[in-house]
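So the sequence shown is residues 21 to 472, counted in my numbering. Just below is one structure, and these are the notes that go with it.
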Amino acid sequence: MQTPRAIRNWRRLFIVGLVLLAALVLWSAKELAVTVDTLRANELDNVGWNASQLEVQLVKLQHLLAEAKAGNPQRLLLQRRWDNLLSRVDPLDAAITPDLRASQPDFAPTFEQVKADIAEMSAYVRVRNGNLVQSVDVLEGPATALAVPIRRLAVMGDQYWGQLTERRRGALVDKIQSLALALGGLLLLLCANQIVIVVQRHRLGTMAVELKAALRAADQANMAKTNFLARMSHELRTPLNAIIGFAEVMQKEMFGPLGHPRYRDYSIGILASGHNLLGLVDSVLDVSRIEIGSVPVTRELVALDEMARSCVAAIQGGARNGAVEVANMVPEDLPPLRVDPAHLRKILLQLLDNAVKFGPNGGHVELGARRCDAGRLEIWVKDDGPGIRPEDLRNVLTPFNQVRNHLVFHHEGLGLGLPIAKSLTELNGGEFELTSAPGRGTEAKLRFDTAA
Numbered sequence: 021m022q023t024p025r026a027i028r029n030w031r032r033l034f035i036v037g038l039v040l041l042a043a044l045v046l047w048s049a050k051e052l053a054v055t056v057d058t059l060r061a062n063e064l065d066n067v068g069w070n071a072s073q074l075e076v077q078l079v080k081l082q083h084l085l086a087e088a089k090a091g092n093p094q095r096l097l098l099q100r101r102w103d104n105l106l107s108r109v110d111p112l113d114a115a116i117t118p119d120l121r122a123s124q125p126d127f128a129p130t131f132e133q134v135k136a137d138i139a140e141m142s143a144y145v146r147v148r149n150g151n152l153v154q155s156v157d158v159l160e161g162p163a164t165a166l167a168v169p170i171r172r173l174a175v176m177g178d179q180y181w182g183q184l185t186e187r188r189r190g191a192l193v194d195k196i197q198s199l200a201l202a203l204g205g206l207l208l209l210l211c212a213n214q215i216v217i218v219v220q221r222h223r224l225g226t227m228a229v230e231l232k233a234a235l236r237a238a239d240q241a242n243m244a245k246t247n248f249l250a251r252m253s254h255e256l257r258t259p260l261n262a263i264i265g266f267a268e269v270m271q272k273e274m275f276g277p278l279g280h281p282r283y284r285d286y287s288i289g290i291l292a293s294g295h296n297l298l299g300l301v302d303s304v305l306d307v308s309r310i311e312i313g314s315v316p317v318t319r320e321l322v323a324l325d326e327m328a329r330s331c332v333a334a335i336q337g338g339a340r341n342g343a344v345e346v347a348n349m350v351p352e353d354l355p356p357l358r359v360d361p362a363h364l365r366k367i368l369l370q371l372l373d374n375a376v377k378f379g380p381n382g383g384h385v386e387l388g389a390r391r392c393d394a395g396r397l398e399i400w401v402k403d404d405g406p407g408i409r410p411e412d413l414r415n416v417l418t419p420f421n422q423v424r425n426h427l428v429f430h431h432e433g434l435g436l437g438l439p440i441a442k443s444l445t446e447l448n449g450g451e452f453e454l455t456s457a458p459g460r461g462t463e464a465k466l467r468f469d470t471a472a
């Protein structure tokens with residue numbers, strides 16, 4: 021059963037869409053993760069926070085310088101505040117980026133001035149051997165003067181960081197929206213595919229019901245045909261037997277001479293045609309029985325050489341008046357077969373009759389056998405007739421399907437010989453093989469298990 025084109029196209033679109041949307045989801049998730057990591061990392065470089073911390077440390081330093089000048093020096097705490105002030109310079113210096121310079125042009129110059137003033141203060145402290153208490157008078161003025169530019173740095177840093185954070189939040193929102201759209205598209209695609217699956221399943225269910233109904237109708241029609249053939253074949257045998265019987269009486273002139281000599285010839289023709297028609301009826305009846313499974317199988321030990329001699333003798337008598345030579349090549353030392361003797365005889369006669377019927381004048385038909393592996397026996401019937409095309413081999417094994425060959429003009433029959441031979445072979449547990457080629461003849465092979 022072929023898949024509709026629309027379903028095949030949908031499958032292609034679904035696979036392509038699934039791959040694209042999955043790639044888009046992965047890319048969006050990666051970009052979102054990068055943006056989040058960037059925001060976390062940039063918190064450490066917060067310009068506004070560093071500038072504010074610098075201002076806070078300066079205020080604390082001013083307070084301790086004032087207490088030290090008033091006679092209450094806190095040497096250790098003063099040193100700590102001074103170190104904290106100096107520690108804020110490098111992080112703030114590292115946070116100055118080209119974007120900050122473009123957004124706040126006064127930030128960098130102001131910070132450079134602040135660094136210069138702090139460096140000057142540090143140089144003075146080093147001259148006093150790091151003694152901050154002795155440097156109070158000198159440090160108090162520059163510290164007070166630093167308050168204004170550092171306050172400006174804090175204001176500009178907060179403004180810039182607010183703008184930068186807003187832009188990054190916007191980028192984060194865009195990434196989240198992209199991821200949401202990709203996931204939404206993926207969800208819609210999966211929902212559409214599920215709908216297609218449901219529709220296809222419903223369609224397949226409907227088709228299955230229709231196919232079952234069609235199969236039942238075909239089975240009923242086939243059974244009706246088989247019953248019709250069986251009944252007709254059986255009904256035809258009664259008048260045929262009468263025709264054949266009366267023709268034999270007339271041929272033998274059992275009740276006196278017929279009178280005119282032609283009547284005798286006519287009776288011979290009636291008898292031959294009756295036997296031919298009876299063979300056709302028997303073949304149709306055999307096919308009908310095989311189809312309905314009513315053919316009994318009685319397996320017995322059969323000597324193949326004796327069976328072969330009998331079949332060849334029966335065929336030679338009517339081998340188109342000697343136009344075809346029939347050779348028996350079956351050895352006498354073969355093991356017996358356990359098959360139905362009537363079936364085996366009918367198989368061999370059908371194959372030999374087919375080979376003789378379709379063989380050319382002066383042709384050769386051979387019946388042979390040999391041992392093969394695994395305790396089996398192979399029987400063959402081959403001829404040097406016109407042969408069968410490879411594409412027709414299957415057809416000739418179908419009942420009522422005879423291949424016509426323009427090289428053969430004497431092909432009476434219904435095309436039942438080979439199908440009957442194949443069916444009876446398989447009923448007896450054998451294998452049937454037919455090989456042929458145009459101009460190279462035909463060979464039928466049977467393989468049966470030998471008697472244990």
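For glycine and all other residues, C-beta sits at the position ideal for the given N, C-alpha and C.
Under the DSSP definition of a beta bridge, G383 partners with V344. Where I399 is concerned, the enclosing beta strand (DSSP E) starts and stops at 396-403. Here DSSP, grouped into helix, strand and coil, assigns R121 to helix. By the 16-neighbour rule on beta-carbons within 10 angstroms, G449 is exposed.
In this structure, DSSP gives R32 a helical state, which the three-state scheme calls helix. Within the DSSP secondary-structure output, D469 pairs in a beta bridge with R396. DSSP places R391 in the strand class (E or B) of the three-state scheme. Within the DSSP bridge table, the entry for M349 names G388 as partners.
Between L41 and A202, the C-beta gap is smaller than 9 Å, which places the two residues in contact. In this structure, L397 lies away from T455, with their beta-carbon atoms at least 9 Å apart. V350 sits away from L372, with the two beta carbons spaced by 9 Å or more.
For G190, the number of other beta carbons within 10 angstroms of its own is below 16, and it is reported as exposed. Under the three-state reduction of DSSP output, L357 falls in the strand class. The continuous alpha helix (DSSP H) containing V332 extends over residues 324-336.
Within 10 angstroms of the beta-carbon of V317 lie fewer than 16 other beta-carbons, which makes it exposed. Only residues of its own chain outside the window of five on either side were considered, and among them L260, I263, I264, A267 have a CB closer than 7 Å to the CB of G294, listed in chain order.
Taking C-beta atoms under 8 Å as the contact rule, I170 and E75 qualify, at a distance of about 5 Å.
Here the stretch 178-195 makes no contact with the stretch 76-90; the two share fewer than three CB pairs at distances below 8 Å.
By the Cβ test, the stretch 202-216 is not in contact with the stretch 151-165, since fewer than three Cβ pairs between them sit closer than 8 Å.
A471 and V322 have their C-alpha atoms roughly 9 Å apart. Membership of E411 in any beta strand (DSSP E) is not indicated, and neither H nor E is assigned to it by DSSP. Burial is judged here by how many other beta carbons sit within 10 angstroms of a residue's own beta carbon; L466 has at least 16 and is buried. Counting along the chain, F452 sits inside the beta strand (DSSP E) bounded by residues 451-456. Here Q183 is exposed: its Cβ has fewer than 16 other Cβ atoms, across all protein chains shown, within 10 Å.
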